[in-house]
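Asks:
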């Protein structure tokens, strides 16, 4: 920001410095013409601002889409995805709440199954996890 725009002085610029009305019909007409021109310029600037806001919104939406897609790629190459199933299985076993608590939806192993398909498959194929679960 910080930039100021110098507007070319109108034909009645000197009258703006005081409180006197235009003294002649020519000055009144010049003031009206200047006002008309300024209003037209304001309309043009408002239109440019509107176009820039539309462009900015479009670019912000594109940026969000690019960020989301980049995040998906980061997740794809995450070292956590490379963990062997056996290690994840051990981690899942240690994530179980200590007995004699009843397992709720937000506890392991039920919550672990909701993370992704791979985790669900690992949880379901780990007998130690399911031997821990007691149904009343």
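In the numbering used here, the protein residues as written are 735 to 870.
Note that CB positions come from ideal geometry on N, CA and C, so glycine has one too.
#1: Of the choices 745, 797, 818, whose alpha-carbon is the least far from that of residue 767?
#2: May I ask you to report which of helix, strand or coil DSSP gives residue 849?
#3: Can you check the region 795 to 839 for any alpha helix (DSSP H) of at least 4 residues that lies completely inside it and give the ranges in chain order?
#4: Check whether the region 814 to 831 and the region 783 to 799 touch, using three or more Cβ-Cβ pairs below 8 angstroms as the test.
#5: Could you work out which residue in 857, 803, 761 is closest to residue 821 when comparing CA atoms only?
#6: Please say whether residue 859 and residue 819 have beta carbons closer to each other than 9 angstroms?
#7: Between which two residues does the alpha helix (DSSP H) harbouring residue 754 extend?
#8: Got a sec? Which residues, its chain only, sit under 6 angstroms from residue 795 by beta carbon, not counting five neighbours each side?
#9: When we look at the beta-carbon of residue 863 and count the other beta-carbons within 10 Å, is it buried (16 or more) or exposed?
Replies: Taking the geometry as given:
#1: 745
#2: coil
#3: 819 to 829
#4: no
#5: 857
#6: yes
#7: Where residue 754 is concerned, there is no enclosing alpha helix (DSSP H), given that its DSSP letter is neither H nor E.
#8: none
#9: buried
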